[in-house]
Structures are given as C-alpha cells and as structure tokens.
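Below: the structure, in structure tokens.
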Amino acid sequence: MYEQTHKIRELINKPIIRCILLQSGVLWDQLSSCLDVIGDTELAITAYLRREFGESTEVRYLAVYGLLQALFAQQDAVKFLCTSLGMPEKDPLKKYPRLIEIREIRNDTIGHPTMRDRQRKREKPPSYHFISRPTLTHDGFQHVSFDSNGKLDFEDVSIPDLIEDQRTCLSEILTSVIGELEQKGKAHKEKFKMEKLVTFFPATLDYDFEKVTEGTRAIENDPRGKISLSTIKKAFQDFREALAKRGVTYDSINYVYELLDYPLTELEAFFQNLQNGKELNINEKTAFIFAFFVEKHVEELKLLAQEIDDEYSS
C-alpha cells in the first residue's frame, strides 16, 4: 500500500486536484492524518511479519495485541480517507465482509473481550472471549468465546491470512480512490484545455517592453512608454484572471506576482509624474532596472503558462 498512498499524496498536491478538493470542502487535516496512519500501521504490520520482537509469551501477547489494533486502525484510516475526500461511498469497508470479520476478531479478542454486548443491535447475547495461551504463536492463535446462554465456540485465527486479506481489500479501495482523484483532474482539464494561457503573452509584448525601456530615459515626455506599460499590465492581469477562473493557484506564479507588484507600481507612477511634469518618484536608472526586472519575470510567467498549457493538454 506504500505505492498507493504515495500516489495519492502526489495527486492531492498537484495544483489542479488540490484546488478542486479544497473547493469541494475536503477535510484536508483529516486527509493528511489518514494517509499518515495508513503508512504508520503498515510499518507496524511489516515489523510483525519480520518477527522484530522476542519469542517469550509476554512479548508475543504484546505483539499480537499491537498487530490486531494496527489492522483495526488501518481500516479506520482508509474509511475516513474516503470520507475526507467526499467519496460517494460512505463506508467502503461494508463492501468487504472479510474486513468486517477482521474487525470483529479484533473487537472480540483484544477490543472488548470481557464483555461483548450486542443486544442493542439485536444480534447476539452478551459474550466473553479470550486468546487460548497455549495456542498463541507468531502465526496465529485459538479464539475462545462463550455467551450468556452457555454456548462455547472455538475459532482458529491465522494472522498471515488476516494481514494478506486486509491488504488485498484495502488495496482495492485505495485503487478506487486514485481513480476518483484522477477522474476529477481529467474532467477539470477537459473544461479548460482549449484555452491557452500562453496567448495572454503575445509576441507584441517585446515591442511594448522596448518602448517602456526607452521611456525610462526620461529625455522627453514620450507617451508610448506609459501606453506600453498599460498593455503589459493588462496582459499580466488577464493571465491572472484566467487562472483565477480555473480556481487553481500556483505558488511559483503567486511568488512572481508579489515580486512584480512593487516595480510595476513604481514604473506607473514614474510615467505619470513624467507626463504631468512632476518630480519623479524614482530616478532614470532605477526605472530602467525595474523595467528590465519586469521583462525578465514576465518571460518567466510565459514559460510557466506554457507548462500549464502542456499539463492541461496531457
């Protein structure tokens, strides 16, 4: 299950799927907790199979108690993973009778062995349970139970079978989770794949940057610098709005937004002051550096836009 939980982590951290999940009200903290517990319990189960404990009866009891609890907690983690993602199946465990049986073995033998009262569910009379000590080995034990009516039962429990069966069942559930996440991402891509973000950065922007750079020399009041800066800002804003419409955020793009906010504001004020004959807010060299800085980062945005377009086309 390591590969499956790793795949789920990869999927939920992709910008497209992450934003889809957050918009749908996914319980992100619960989701993270479930993935951690699935992995942690798998470590415990693997340790049991490797016999990473002693052979004394005392330690063997501790190991079996821990193993059965790990199986139970792992089932809960998978169940609530599905819940946190808003999966249509409220309790996926119910589709697997073997998983329910494993839960009952845990409940009977180590969960509530001294009093199992199922009368509230009108299933069975109160019952009492224990693990037969002479039968306890690494590979299993005999589960002894008797109820208030005097009925006595013996059940041979194979621990390797419990582990193998649970892994098989939970693996199927996790596979369905992966399929559901991939389908969400595919549907979102279909909706926007024909809209190319790179088109918000046309080749004519090279001309506009040229005019902005020329305008920073402030030799004379040339309105083309201010006009070209407005064109650049509009392309920048249109690109930002197109992303917002998709509901997807990219940390790398947000970082560039933050970097460009100040130089764009200062350049706009520079051209405005130049046009109105007022004292310049920054000198010509600073304006030139800001223009160069903006141009290089808009090129970076253009590359990021192309990467997103490629992702939506895949």
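According to our numbering, the sequence shown holds residues 130 to 443 in order. Even for Gly, the Cβ is constructed at its ideal location relative to N, Cα and C.
Contact between ILE239 and LEU200 does not hold, since their C-beta atoms are separated by about 10 Å, which reaches or exceeds 8 Å. GLY269 is the residue among LYS224, ILE141 and GLY269 whose C-alpha sits nearest the C-alpha of LEU178.
Going by C-alpha positions, PRO254 is about 6 Å away from SER277. Looking at the DSSP output, PHE259 sits in a beta bridge with VAL273. Scanning its chain for C-beta atoms nearer than 6 Å, with the 5 sequence neighbours on each side dropped, one finds around HIS272 the residues THR238, GLU284 and VAL286, in chain order. Restricting attention to alpha helix (DSSP H) runs no shorter than 4 residues, the segment 150-191 encloses them at 157-178, ordered along the chain. In the structure shown, GLU339 falls within a helical segment according to DSSP collapsed to helix, strand and coil. ASP294 and ASP438 have their alpha carbons spaced roughly 43 Å apart. With respect to ARG262, THR186 sits close: the two C-beta atoms are nearer than 8 Å. Selection GLU440, GLN401, ALA364 and GLY215 evaluated against LEU430 yields ALA364 as nearest (Cα-Cα).
According to DSSP, VAL286 shares a beta bridge with PHE270. ARG245 is bridged by DSSP to SER256. When DSSP states are grouped into helix, strand and coil, LEU214 belongs to the coil group. Contact between the segment 202-222 and the segment 301-310 is present: three or more C-beta pairs spanning the two stretches fall below 8 Å.
TYR131 sits away from GLU181, with the two beta carbons spaced by 8 Å or more.
Under DSSP, the beta-bridge partners assigned to LEU281 are PHE275. Residues PHE275 of the same chain have their beta carbon placed closer than 6 Å to that of LEU281, with the five preceding and five following residues left out of the count. It is roughly 9 Å from the alpha-carbon of LEU326 to the alpha-carbon of LEU433. By the CB criterion at 8 Å, LYS322 and TYR441 fall inside the cutoff. Between the segment 333-347 and the segment 403-420 there are three or more C-beta pairs closer than 8 Å, enough to call the two in contact. Around the CB of GLY354, 16 or more other CB atoms lie within 10 Å, so the residue is classed as buried.
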